[in-house]
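J.:
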Amino acid sequence: MRVRDAGERRAGVARRLLTAAAAASVVVLVAGCGMFGRGQDGGHDGGPPHGGMGSRSAPAGAGLPQSDEPADLDPADLSTEIDNEYWPMEPGTQWVYRETDEEGQELRVVVTVTSETKEVADGSTARVVRDTVTRRGEVVEDTFDWYAQDPDGTIWYLGEDTAEFEGGKVTTTEGSFEAGLDGALAGVIMPGDPAVGMAYRQEFYRGEAEDNGAVLSLDEQAEVPAGHYDHALLTKDTITIEPDVLEYKLYAPGVGPVLTLGVSGGGGREELVEVGTVPAEVARAAGTTPLGERYE
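If you count the sequence shown from 1, position 162 lands on 1400 in my numbering, and the numbers rise without skipping.
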C-alpha cells in the first residue's frame, strides 16, 4: 500500500493488478466489517483524535489542490518531521504488509521511514521513505517516496523514484516523478485536519501520475493480522488517467495505513501484518542503498 500509499502507484504497476476473485472476497469482507457504517468499540485506539471527528464534514477540496491547480505551498514552511495522526513518520518506523498479486501469489511489502532527506526540485526538503515489494524473497518493485509536512499538519507527497524488477534487472521506472521537474506538482497524501468530503490530488505528472484522494469517513474499523483498529479514516482513491481504477484505504490513528481494498480496475487486499521500529543503521541504509538491493 502506497503506503502505499500512497502514497500511490499507478494501477498499471504489476503488484496492483490483483485477481477478480480476490476482489470478490474483499467485497464480502467489507460488508462483514461494517465499512461505511460507524465503527464499534474495542481495538487499539480509545477514540477519534480531536473529538467528534466522525461527524465533521467539509466541502469537497476545502482549499486543497485539485488536478493541475497551483498549490499555495511555500517550501520553506515544509518540515521533514511528520507527525500527522493518521500517518506519523518517525524515522525508523517500519510497516510490513501482505498483498496478493494477479496470479494469487503472496507479496511482502516493507515500508521504512529512513533517516535520510531529499532536496526536491521545487525547493522543498522531503523525508525519504523506502517501499520495497518482494515475491519469494526477490525484489519486484522498489521505491523511494518523498514526503513533507506543512504547519497545518498536512502531509505532502513530493515525488518518487520507483523501479520494477525481473530477475534482478530493472524493467521500468514508469511512475517516477519529482515536484518541480517537467511540470510535476506536489500533492496531498493526508490533510492535517481531515473532514468528510475533502477531496484533493495526491500527485500530478501529466499522463504519468495523476492520482486523487477523498475522505469518506473518520470512524471506520479494520481487522488485519496486526490487530483490530477502530476510528479509522477511510479514503477513496482514484486515477484520472485510469478512470476504471478505484481503491479504498483505511488509516488507523497513531499507526498509519492498515488496509487497502481494490474494488475496480484489478481489485485485491493489502493488509498490515506488523509495525515496529528498526535500528538506526537500518533506517540509514534504507535511504541510501540503491533500489533493487537489500538493505536489511
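Built from N, CA and C at the ideal position, the CB exists for glycine as well.
Buried or exposed for Arg1407, going by 16 or more other Cβ atoms inside 10 Å?
T.: On the sequence shown, residue 1407 is found 169 positions in, with the first residue counted as 1. Before going on, a small fix: residue 1407 reads as Lys here, not Arg. Under this definition Lys1407 is an exposed residue.
J.: What's the gap between the Cα of Gly1418 and the Cα of Arg1444?
T.: The residue given as residue 1418 occupies position 180 in the sequence shown. The residue given as residue 1444 occupies position 206 in the sequence shown. Roughly 13 Å between the two C-alpha positions.
J.: Roughly how many whole angstroms lie between the Cα atoms of Thr1350 and Thr1363?
T.: As a working mapping, residue 1350 is identified with position 112 in the sequence shown. As a working mapping, residue 1363 is identified with position 125 in the sequence shown. The straight-line gap from Cα to Cα measures roughly 18 Å.
J.: Determine the contact status of Ala1447 and Phe1415, defining contact as a CB-CB distance below 8 Å.
T.: Translated into the one-based positions of the sequence shown, residue 1447 becomes position 209. Translated into the one-based positions of the sequence shown, residue 1415 becomes position 177. Going by C-beta atoms, Ala1447 is nearer than 8 Å to Phe1415.
J.: Taking the runs of the beta strand (DSSP E) that are 3 residues or longer, which of them lie wholly in the region 1346 to 1434?
T.: With a minimum length of 3 residues, the continuous beta strand (DSSP E) runs that stay inside the region 1346 to 1434 are 1363 to 1373, 1376 to 1387, 1393 to 1404, 1407 to 1410, 1425 to 1428.
J.: Please state the DSSP three-state secondary structure of Asp1312.
T.: Position 74 of the sequence shown, counting from 1, holds the residue named residue 1312. If DSSP states are grouped into helix, strand and coil, Asp1312 belongs with coil.
J.: Taking just the CA atoms, how far does Gln1440 sit from Glu1458?
T.: Counted from its first residue, the sequence shown places residue 1458 at position 220. Counted from its first residue, the sequence shown places residue 1440 at position 202. Taking the straight line joining both Cα atoms gives about 22 Å.
J.: By the three-class DSSP mapping on this structure, what secondary structure does Gly1504 have?
T.: Residue mapping note: residue 1504 aligns to position 266 of the sequence shown, counting from 1. Three-state result, Gly1504: coil.
J.: In three-state DSSP terms, what is Thr1331?
T.: Translated into positions along the sequence shown, residue 1331 becomes position 93. Residue state, collapsed to three classes: strand.
J.: To the nearest angstrom, report how far apart Asp1380 and Phe1403 are at their CA atoms.
T.: Translated into positions along the sequence shown, residue 1380 becomes position 142. Translated into positions along the sequence shown, residue 1403 becomes position 165. Spanning the two alpha carbons is a distance of roughly 8 Å.
J.: Give me the residue from Val1378, Ala1437, Ala1424, Glu1398 with the minimum Cα distance to Thr1409.
T.: Taking the first residue of the sequence shown as position 1, residue 1409 is located at position 171. The candidate whose alpha carbon is nearest that of Thr1409 is Val1378.
J.: Checking contacts by CB at 8 Å: is Gly1330 closer than that to chain D?
T.: Reference to chain D is not applicable here, since this structure consists of a single protein chain.
J.: For a quick check, are the C-beta atoms of Tyr1395 and Ala1359 less than 8 Å apart?
T.: For this step, residue 1395 is matched to residue 157 along the sequence shown. For this step, residue 1359 is matched to residue 121 along the sequence shown. No; because the gap between Cβ atoms is not below 8 Å, this pair is not in contact.
J.: Taking the beta strand (DSSP E) that Glu1441 belongs to, which residues open and close that run?
T.: In the sequence shown, residue 1441 corresponds to position 203, counting from 1. Its beta strand (DSSP E) spans residues 1437 to 1443.
J.: The beta strand (DSSP E) spanning Gly1451 covers which residue range?
T.: The sequence position of residue 1451 within the sequence shown is 213, counting from 1. Per DSSP, Gly1451 belongs to the beta strand (DSSP E) from 1447 to 1462.
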